[in-house]
Amino acid sequence: MEVTITHVVESVREVGKKGERLVIIAGKPGSGKSKIMRELSEMRGWVYVDSKTLLTDELFEMSPKARAGEAANIMDEVLEQKSADVILLDNTQVLFAPVLQVNPLTLLRRLSQKQTVVAAWPGSFENGELVYSGNMGSEPVSYSGEGLKVVAIS
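Going letter by letter, the sequence shown gives residues 1 to 154 in the UniProt record's numbering.
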């Protein structure tokens, strides 16, 4: 675990010099992504944000039709208000919900143009691709990891 935390800290330093400051921690459910993020929050003072809680609270008050496409705006506004050097974005599997009508990786990349974002990726990193396995029975979805800083854990 210590090696992974060190790797994430080094990755944050590396991306801090780029226009897109995104670090992905890729791992399947139960691999320890959340634990790493909470430890980083405590150790470094980085701001921990639970995407699921954030979006559920904000979207719950909207009508189903109004929810589509609003996830990106909500995430943008809330993270901007945090005004932190580094945001730890956990439980990002909520971004894959079809009702939100958002490309999760595109959203994460957009958010990382304003501040450094370390995001949990609910899946794996294989052959330069971020893979989201989805719910049981659904087909895995792959996204190009080109140009991304990815810390893969198993």
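Think of the CB as a built atom: it goes at the ideal place given N, C-alpha and C, for glycine as much as any other residue.
All values reported here derive from a predicted model rather than from experimental measurement.
Can you have a look at residue i and say buried or exposed, based on whether 16 or more other CB atoms are within 10 angstroms of its CB?
| i | result |
| --- | --- |
| G147 | exposed |
| F60 | exposed |
| V49 | buried |
| G128 | exposed |
| S138 | exposed |
Going straight from the alpha carbon of residue i to that of residue j, what length do you get?
| i | j | result |
| --- | --- | --- |
| S142 | E42 | 32 angstroms |
| S63 | A71 | 13 angstroms |
| I153 | G16 | 22 angstroms |
| P98 | G123 | 17 angstroms |
| L105 | L89 | 13 angstroms |
| F96 | A26 | 15 angstroms |
| L40 | L107 | 22 angstroms |
| K149 | V23 | 5 angstroms |
Since residue i and residue j should fall inside the 8 angstroms C-beta cutoff, what is the C-beta to C-beta distance between them, to a whole number of angstroms?
| i | j | result |
| --- | --- | --- |
| S51 | T92 | 5 angstroms |
>> Which runs of the alpha helix (DSSP H) at least 4 residues long sit entirely within the segment 18-81? Give them in chain order.
In response: 33-44, 51-60, 64-67
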